[in-house]
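Right, one structure below, let's go through it.
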Amino acid sequence: MRDPLGHGAALKGRVGFRHHFYTGHPRTVTVVMPSVVNPKGRTKRLKSIQETWGASARAIYVVHDIEEFPVASHAVISESRTPEDPYSYPQLMLVPDGIGAEDGVPRLIHTVQTVFEKVNPDFAFFVNDHTYVIPEHLCNYLEHKKPTEDMYHGHALHDGNNAFNSGAAGYILSRETMRRLVDQWNHGKCTGRDASKWIQGNPGLLTAQCLKEDLGITAFDTRQDKKYHRFHAFPLTRAVSGKVDGWYINKHKDMDKNFMGFPASYNTLLSGKDCCAQDTVSFHYVEFMESTALFATREALLENPHMTDHEVKSLMMAEWPRGKEVGFYSRELPSENDKEGWEPLLKVVRKISSRLTQREC
Numbered sequence: 162m163r164d165p166l167g168h169g170a171a172l173k174g175r176v177g178f179r180h181h182f183y184t185g186h187p188r189t190v191t192v193v194m195p196s197v198v199n200p201k202g203r204t205k206r207l208k209s210i211q212e213t214w215g216a217s218a219r220a221i222y223v224v225h226d227i228e229e230f231p232v233a234s235h236a237v238i239s240e241s242r243t244p245e246d247p248y249s250y251p252q253l254m255l256v257p258d259g260i261g262a263e264d265g266v267p268r269l270i271h272t273v274q275t276v277f278e279k280v281n282p283d284f285a286f287f288v289n290d291h292t293y294v295i296p297e298h299l300c301n302y303l304e305h306k307k308p309t310e311d312m313y314h315g316h317a318l319h320d321g322n323n324a325f326n327s328g329a330a331g332y333i334l335s336r337e338t339m340r341r342l343v344d345q346w347n348h349g350k351c352t353g354r355d356a357s358k359w360i361q362g363n364p365g366l367l368t369a370q371c372l373k374e375d376l377g378i379t380a381f382d383t384r385q386d387k388k389y390h391r392f393h394a395f396p397l398t399r400a401v402s403g404k405v406d407g408w409y410i411n412k413h414k415d416m417d418k419n420f421m422g423f424p425a426s427y428n429t430l431l432s433g434k435d436c437c438a439q440d441t442v443s444f445h446y447v448e449f450m451e452s453t454a455l456f457a458t459r460e461a462l463l464e465n466p467h468m469t470d471h472e473v474k475s476l477m478m479a480e481w482p483r484g485k486e487v488g489f490y491s492r493e494l495p496s497e498n499d500k501e502g503w504e505p506l507l508k509v510v511r512k513i514s515s516r517l518t519q520r521e522c
């Protein structure tokens, strides 16, 4: 799949863009939808994604206006444009003028269809700009998966009647599943023409319903060893402390009774050192400074796994945002002398920064 001679050198003078050396279609792309939380901070988040995980994850930013991220104006996917270098990321996907910022369902339909028809990856990971992604772990998770088989994988929750994957934690669709969805839409099905304002703001719920009722594709238990979650709808600090919202806890209860494929262990969220899989793929509610801090911490540990706990703690305290710099839905690090808070946090940071789970694709 990799062919350094086939596509030449990376484009010069565009800091933060990465030219990927492969032929044909990409193994995976990460599609970054607009977050409904703190929209004014989106440009800073997109810049942070570009400077951290975005290039490696082949990020495609979904935008209504190129001015949302003008530095990528050379890399636009639209009805009339293609990127100057289709192997360089991040890229922009420009939504047609007829789809407004509040039109969540038609925007998602257009996005999935465009990814399938114009990018054609084996897999697409759909997140929003508050999501932090570990690309190497996404590759690790997909290593033995087949794009010709259906896939709707992420962090499964339920609303009583339906199981769906959290859009915050992100969900993966295979090429085959995207093909089948696009076929449904082309035949006028699952379009949500009369969708409520709630569904327009949460279009993934309509997609989950369509996948289940029309295509027989359901959410899946993606935990490592049927215990440790890989996809997280909250940031690292809240996942470790267990201080997540009550609604989130409740949407795990009785999964085993109501939906096939979910054991009783799925009903209870774990915290502390057990909160997160070694190959954790995503966290959410991660503002731009926290994204940079988490990236720097993982990079340091990957370079030197023998860092002492004191060194890792000192690095995190130096890098992590504080006070008002922390996102509204995130939480600060434990206080310096909070041993009970730091012990599980350091264990999880080491756990998700292991060289054993690093893969490129």
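My numbering puts the first residue of the sequence shown at 162, with every later residue one more than the last. Note that the Cβ used here is the ideal one computed from N, Cα and C, for glycine as well.
Residue i - DSSP class collapsed to helix/strand/coil
i, result
"valine 405", "coil"
"methionine 531", "Only positions 162 to 522 of the chain appear in the structure, and residue 531 is not among them; the question remains open."
"arginine 179", "strand"
"phenylalanine 444", "strand"
"cysteine 300", "helix"
"serine 249", "strand"
"leucine 318", "strand"
"threonine 191", "strand"
"cysteine 351", "coil"
"cysteine 522", "coil"
"valine 509", "helix"
Cβ-Cβ distance between residue i and residue j below 7 Å
i, j, result
"aspartate 440", "asparagine 281", "no"
"alanine 285", "valine 276", "yes"
"alanine 369", "phenylalanine 325", "yes"
"valine 574", "histidine 225", "Residue numbering for the chain in the displayed model covers 162 to 522; residue 574 lies beyond these limits and cannot be assessed."
"histidine 445", "alanine 394", "yes"
"arginine 341", "proline 308", "no"
"alanine 400", "alanine 317", "no"
"tyrosine 222", "phenylalanine 287", "no"
"threonine 518", "histidine 319", "no"
"proline 505", "glycine 433", "yes"
"proline 353", "leucine 334", "A small correction: the amino acid at residue 353 is glycine; proline does not occupy that position in the sequence shown. Their beta carbons are not under 7 Å apart, which means glycine 353 does not touch leucine 334 by this criterion."
"glycine 362", "glycine 484", "no"
Backbone CA spacing between residue i and residue j [nearest angstrom]
i, j, result
"glutamate 587", "aspartate 386", "The structure shown does not extend to residue 587, since the chain is modelled only from 162 to 522, so the question has no answer here."
"alanine 490", "glutamate 448", "At residue 490 the sequence reads tyrosine, which differs from the alanine that was named. One C-alpha to the other measures close to 9 Å."
"lysine 474", "valine 193", "31 Å"
"lysine 208", "phenylalanine 230", "8 Å"
"serine 217", "tyrosine 250", "8 Å"
"serine 426", "arginine 520", "28 Å"
"threonine 292", "phenylalanine 456", "13 Å"
"arginine 492", "tyrosine 409", "16 Å"
"glutamate 374", "proline 296", "31 Å"
"glutamine 252", "valine 294", "16 Å"
"glutamate 278", "asparagine 322", "32 Å"
Residue-level contact to chain B via CB, residue i, 7 Å cutoff
i, result
"serine 443", "Structure shown: chain B not included; a single protein chain is present."
8 Å contact criterion, which residue i and residue j should meet: CB distance rounded
i, j, result
"glutamate 497", "methionine 477", "Not a contact, Cβ separation roughly 11 Å."
"proline 200", "leucine 269", "Not really, about 17 Å apart at Cβ, beyond 8 Å."
"glutamate 451", "glycine 422", "The pair is not a contact, with the Cβ atoms about 33 Å apart (cut-off 8 Å)."
"threonine 398", "histidine 413", "Not confirmed; about 20 Å, so no contact."
"leucine 431", "arginine 516", "Actually they do not touch by this definition, with Cβ atoms about 24 Å apart."
Any non-hydrogen atom of the ligand HEM within 6 Å of residue i CB
i, result
"valine 288", "This structure lacks the ligand HEM; in fact it carries no ligand of any kind."
Contact between the segment 381 to 396 and the segment 433 to 447: three or more CB pairs below 8 Å? These segments touch.
Within 8 Å, do at least three Cβ pairs link the segment 352 to 359 to the segment 304 to 318? Three or more beta-carbon pairs separated by less than 8 Å are not found between the segment 304 to 318 and the segment 352 to 359, which leaves the two stretches without contact.
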